[in-house]
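**Q** Here it is, the structure in full.
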Amino acid sequence: MAKPQISYRCIECGYRVPKPLGRCPNCGSWGSFEREAESINIESTTTPAQITTLSQVDSSQEKRLSTGMTEFDRVLGGGLVAGAALLIGGEPGVGKSTLLLQLAANLLAAGKGVVYVAGEESPRQVKIRAKRLGVTADLSLMRETRLDAVLAGLRQVKADLVVVDSIQTLESEGVPGSLVSVRNATQRLVRWAKQEGVTLILVGHVTKEGTVAGPKVIEHVVDATLYLETAGMYRLLRSAKNRFGAVGEVGVFRMEDSGLAEVPNPSEAFLAERPQGVPGSVVGIALYGERAIALEVQALAARSPYSVPKRVSQGLDARRVDVVLAVLERRLGLKLGNLDVYVNLAGGLKVSDPGLDLAVALAVYSAVVGKALNQRVAAVGEVGLAGEVRSASSLELRKKESLRAGFDAFLGPAEVRNIKEAVREAMR
Ligand code: TYD
Ligand code: MG
292 MAKPQISYRC IECGYRVPKP LGRCPNCGSW GSFEREAESI NIESTTTPAQ ITTLSQVDSS
352 QEKRLSTGMT EFDRVLGGGL VAGAALLIGG EPGVGKSTLL LQLAANLLAA GKGVVYVAGE
412 ESPRQVKIRA KRLGVTADLS LMRETRLDAV LAGLRQVKAD LVVVDSIQTL ESEGVPGSLV
472 SVRNATQRLV RWAKQEGVTL ILVGHVTKEG TVAGPKVIEH VVDATLYLET AGMYRLLRSA
532 KNRFGAVGEV GVFRMEDSGL AEVPNPSEAF LAERPQGVPG SVVGIALYGE RAIALEVQAL
592 AARSPYSVPK RVSQGLDARR VDVVLAVLER RLGLKLGNLD VYVNLAGGLK VSDPGLDLAV
652 ALAVYSAVVG KALNQRVAAV GEVGLAGEVR SASSLELRKK ESLRAGFDAF LGPAEVRNIK
712 EAVREAMR
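Just add 291 to the spot in the sequence shown (first one is 1) and you have our numbering.
Right, dumping it as structure tokens:
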């Protein structure tokens with residue numbers, strides 16, 4: 292084997308020499324020589340890496356396997372992908388096991404092989420849940436927490452989907468549930484799934500305080516991460532990472548006695564309880580991934596007993612709300628100085644979307660002047676510091692959703708130039 296070639300390079304001019312010198316003979320710099328990366332000797336037995344050209348790459352869509360739930364498929368970007376690993380995170384009790392048992396039943400009904408690794412619950416508990424959900428298919432269960440045993444067991448069956456509920460219960464290296472253990476178990480399971488072309492779904496618990504040995508450690512090992520979250524009476528399935536689809540996509544469900552039911556028309560569902568003719572209520576169209584959803588922004592203004600009035604917002608970006616309040620004061624002369632102002636996204640939803648600025652502005656205005664706005668108004672647009680109504684992403688999509696949901700008095704940057712005009716139009 293040849294001796295590795297070491298050379299020294301002047302960081303000023305790039306001049307190379309075999310030995311470091313005090314002064315560069317080329318540019319005259321002192322002490323400028325730095326050791327270069329050793330040129331690596333390649334052993335002749337190493338198989339050279341294959342090179343392919345773009346034209347040789349097969350870019351046709353990966354085959355997708357439907358979950359049997361349109362809302363779930365949407366979040367995945369069209370269904371499950373063979374050999375892909377998916378993480379579903381969420382707080383205990385949000386409905387992860389319920390959703391995945393429903394998914395398992397749907398795939399079984401479609402003639403697919405499914406194994407449910409239940410480390411969290413006894414087979415009896417799983418059976419009770421299955422009964423409640425009306426699942427009659429004979430699901431294969433594995434009650435095991437030792438990773439090696441799980442992998443050995445999986446080698447003996449033919450499965451299209453393996454659900455591991457939950458990743459925290461698996462014991463591999465180190466303390467069960469520890470970061471090292473969880474990451475190690477994930478890596479080995481993911482490698483196995485890729486080799487076998489099996490879709491793998493891992494359940495990961497997230498605690499309210501953040502994550503305990505959970506999803507964050509695994510996120511970069513898996514192909515997609517979805518979170519199941521509570522939003523009032525609804526459950527939102529949201530993609531935080533997805534190698535096969537868009538991020539920020541949401542699917543909407545409702546927890547019922549017989550499991551999670553899909554909510555195909557979130558706009559209608561979220562607006563169902565909207566009060567009629569009440570000041571401070573305005574519909575905005577928010578963007579979740581590639582989906583526009585009509586939501587109600589509510590505002591309330593009340594005389595403040597404090598010298599510094601309160602500004603409270605829920606479900607919205609508090610700083611954006613503050614900016615909108617300042618713009619209303621300065622550009623419309625709205626007196627907010629002695630008022631506590633509360634702004635909510637109704638229904639327990641959360642979104643950070645500048646496109647909701649205009650709806651916030653109109654809701655606050657309506658609340659302060661005590662006059663209800665035209666009920667058919669839906670507003671979309673970012674509000675600039677000069678009070679101008681600016682464009683928002685996917686404006687056309689939002690407008691379409693506005694009309695579909697029955698809000699034909701759409702106010703956006705094409706309809707109104709500034710909040711003054713918006714207020715005038717919304718009051719008509
Ligand atoms: P679960 O799926 O066990 O949550 P996770 O796996 O995320 O911890 O569901 C928890 C809650 O859902 C539980 O409090 C009971 C409720 N639930 C229903 O309301 N309806 C149902 O059909 C089922 C199965 C559960
Ligand atoms: Mg569970």
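In this text, a Cβ means the ideal position worked out from N, Cα and C, and glycines have one as well. Here the structure is a predicted model, which means the values were calculated and not measured.
Excluding sequence positions up to five away, which residues of its chain have a Cβ less than 6 Å from the Cβ of Lys601?
**A** Residue 601 sits at position 310 when you count from the first residue of the sequence shown. Excluding positions up to five away in sequence, the list reads Asp631.
**Q** To test your reading of the DSSP string, which unbroken beta strand (DSSP E) runs of 3 or more residues are found completely within the stretch 387-459?
**A** 405-409, 431-433, 452-456
**Q** Regarding Pro414 and the ligand MG, is the C-beta to nearest heavy atom distance less than 8 Å?
**A** Taking the sequence shown and counting its residues from 1, one reaches residue 414 at position 123. No, Cβ of Pro414 sits at least 8 Å from all heavy atoms of the ligand MG.
**Q** Applying the criterion that 16 or more other CB atoms from any shown protein chain within 10 Å of the CB defines a buried residue, is Ser413 buried or exposed?
**A** Stepping through the sequence shown from its first residue, residue 413 is reached at position 122. Ser413 is exposed by the Cβ-count criterion.
**Q** Under three-state DSSP, which class holds Pro524?
**A** Here residue 524 is taken as the residue at index 233 of the sequence shown, counted from 1. Looking at the sequence itself, residue 524 is Met, so the reference to Pro does not match. DSSP places Met524 in coil when its eight states are reduced to three.
**Q** If you count every other CB in all the chains shown that lies within 10 Å of the CB of Ser330, and 16 or more means buried, which is it?
**A** As a first step, residue 330 must be located in the sequence shown, where it is residue number 39. Any reading at Ser330 needs caution, since the residue's pLDDT is 48, under 50, leaving its predicted position unreliable; the model's value is listed next. The residue is exposed, with fewer than 16 neighbouring Cβ atoms inside 10 Å.
**Q** Just to confirm my understanding: we take Asn709, look at its own chain, exclude 5 residues before and 5 after, and list those with CB closer than 8 Å. What are they?
**A** Within the sequence shown, residue 709 is the residue found at index 418, counting from 1. The residues are Arg622, Ala677, Gly678, Glu679, Val680.
**Q** Hey, how far is the Cα of Ser357 from the Cα of Pro704?
**A** As a position in the sequence shown, residue 357 is number 66, starting the count at 1. As a position in the sequence shown, residue 704 is number 413, starting the count at 1. Cα to Cα, Ser357 sits roughly 39 Å from Pro704.
**Q** Thinking just about the alpha-carbon of each residue, which of Val385, Asp429, Leu424, Ser388 is nearest to the one in Lys403?
**A** Numbered from 1 along the sequence shown, position 112 holds the residue referred to as residue 403. Per the Cα distances, Asp429.
**Q** Excluding the 5 residues preceding and the 5 following Tyr306 in the sequence, name in chain order all residues of the same chain whose CB lies nearer than 8 Å to its CB.
**A** Position 15 of the sequence shown, counting from 1, holds the residue named residue 306. Non-local beta-carbon contacts of Tyr306 in its own chain, meaning distances under 8 Å to residues more than five positions away in sequence, involve Arg300, Cys315, Pro316, Asn317, Cys318 in chain order.
**Q** On a Cα-Cα basis, can you pick out the residue from Arg437, Val714, Gln666 that is closest to Ser693?
**A** Sequence index remark: in the sequence shown, residue 693 carries index 402 (1-based). Comparing Cα positions, the closest option is Gln666.
**Q** Look up Tyr579 in the DSSP assignment and give the residues it is bridged to.
**A** Locating residue 579 in the sequence shown gives position 288, counting from the first residue. Bridge partners of Tyr579: Arg582.
**Q** Identify whether Leu236 lies in helix, strand or coil by the three-state DSSP scheme.
**A** Residue numbering for the chain in the displayed model covers 292 to 719; residue 236 lies beyond these limits and cannot be assessed.
**Q** In the DSSP assignment, find the unbroken alpha helix (DSSP H) run with Ala609 in it and report its ends.
**A** What you label residue 609 is simply residue 318 of the sequence shown in a count that begins at 1. 609-623 is the span of the alpha helix (DSSP H), which, as asked, contains Ala609.
**Q** Per DSSP, which one or two residues make a beta bridge with Tyr633?
**A** As a position in the sequence shown, residue 633 is number 342, starting the count at 1. According to DSSP, which records beta bridges pairwise, Tyr633 is partnered with Leu591, Val603.
**Q** Would Val569 pass as a contact of Tyr656 if the rule is Cβ separation under 9 Å?
**A** Along the sequence shown, read from residue 1 onward, the residue named residue 569 stands at position 278. Along the sequence shown, read from residue 1 onward, the residue named residue 656 stands at position 365. Cβ distance not < 9 Å, so Val569 and Tyr656 don't count as in contact.
**Q** So what does DSSP say about Val714, is it helix, strand or coil?
**A** Walking along the sequence shown from the start, residue 714 turns up at place 423. In this structure, Val714 counts as helix in the three-state DSSP scheme.
**Q** Hey, out of Gly374, Ser346, Lys690, Gly465, whose CA is closest to Leu578's CA?
**A** Your numbering for residue 578 matches position 287 in the sequence shown. For Leu578, the nearest C-alpha among the options comes from Lys690.
**Q** Heavy atom of the ligand MG less than 8 Å from the Cβ of Thr596, yes or no?
**A** As a working mapping, residue 596 is identified with position 305 in the sequence shown. Position check: residue 596 holds Pro in this sequence, whereas Thr was assumed. Because no heavy atom of the ligand MG lies under 8 Å away, the Cβ of Pro596 does not count as near it: no.
**Q** Does the Cβ of Leu345 have 16 or more other Cβ atoms within 10 Å, making it buried, or fewer, making it exposed?
**A** Residue 345 sits at position 54 when you count from the first residue of the sequence shown. Exposed.
**Q** Using a Cβ distance threshold of 8 Å, determine whether the stretch 434-443 contacts the stretch 377-395, with at least three qualifying pairs required.
**A** no
**Q** Could you tell me how far apart the beta carbons of Val588 and Ala669 are, in whole angstroms, since I believe they sit closer than 8 Å?
**A** Here residue 588 is taken as the residue at index 297 of the sequence shown, counted from 1. Here residue 669 is taken as the residue at index 378 of the sequence shown, counted from 1. Between Ala669 and Val588 the Cβ distance is about 10 Å, and since that is not below 8 Å, they are no contact.
**Q** Since Glu553 contacts Thr343 with CB under 8 Å, what's their CB separation in whole angstroms?
**A** To locate residue 553, count along the sequence shown from 1; it is residue 262. To locate residue 343, count along the sequence shown from 1; it is residue 52. With a Cβ gap of about 41 Å, Glu553 and Thr343 do not count as contacting.
**Q** If you draw a straight line from the alpha carbon of Phe561 to that of Gly638, how long is it in whole angstroms?
**A** As a position in the sequence shown, residue 561 is number 270, starting the count at 1. As a position in the sequence shown, residue 638 is number 347, starting the count at 1. The alpha-carbon atoms of Phe561 and Gly638 are separated by roughly 6 Å.
**Q** What does the alpha-carbon distance come out to for the pair Arg482 and Ile458?
**A** Start at 1 with the first residue of the sequence shown, and residue 482 comes out as number 191. Start at 1 with the first residue of the sequence shown, and residue 458 comes out as number 167. When only Cα atoms are considered, Arg482 and Ile458 end up about 15 Å apart.
**Q** With a CB to CB cut of under 6 Å and the five nearest residues on each side skipped, what residues in its chain are close to Lys641?
**A** Counting from 1 along the sequence shown, the entry for residue 641 is found at position 350. Cβ neighbours of Lys641 beyond the five flanking positions: Gly606.
**Q** What's the C-alpha gap between Val674 and Ala593?
**A** The residue labelled residue 674 in the question sits at position 383 within the sequence shown. The residue labelled residue 593 in the question sits at position 302 within the sequence shown. Using only the alpha carbons, I get a separation of about 24 Å.
**Q** Given a cut-off of 9 Å on the beta-carbon distance, is the pair Gln478 and Val512 in contact?
**A** On the sequence shown, residue 478 is found 187 positions in, with the first residue counted as 1. On the sequence shown, residue 512 is found 221 positions in, with the first residue counted as 1. Closer than 9 Å, so yes.
**Q** Where does Lys387 land, buried or exposed, given buried means 16+ other C-beta within 10 angstroms?
**A** Here residue 387 refers to the residue found at position 96 when the sequence shown is read from its first residue. When all chains shown are included, Lys387 counts as buried.
**Q** Residues around the ligand TYD, please: the ones whose beta-carbon is closer than 6 Å to some heavy atom of it, in chain order.
**A** Environment of the ligand TYD, chain-ordered: Gly381, Pro383, Gly384, Val385, Gly386, Lys387, Ser388, Thr389, Arg420, Arg423, Leu424, Met546, Asp548, Ser549, Gly550, taking every residue with Cβ within less than 6 Å of a heavy atom.
**Q** Using beta-carbon positions only, say whether Ala537 and Thr516 come within less than 9 Å of one another.
**A** As a first step, residue 537 must be located in the sequence shown, where it is residue number 246. As a first step, residue 516 must be located in the sequence shown, where it is residue number 225. No, the pair does not count as a contact, with Cβ atoms beyond the cut-off.
**Q** Can you list, in chain order, the stretches of the beta strand (DSSP E) that have 3 or more residues and sit fully within the stretch 625-682?
**A** Runs of the beta strand (DSSP E) spanning 3 or more residues and lying entirely within the stretch 625-682 occur at 630-636, 668-670, in chain order.
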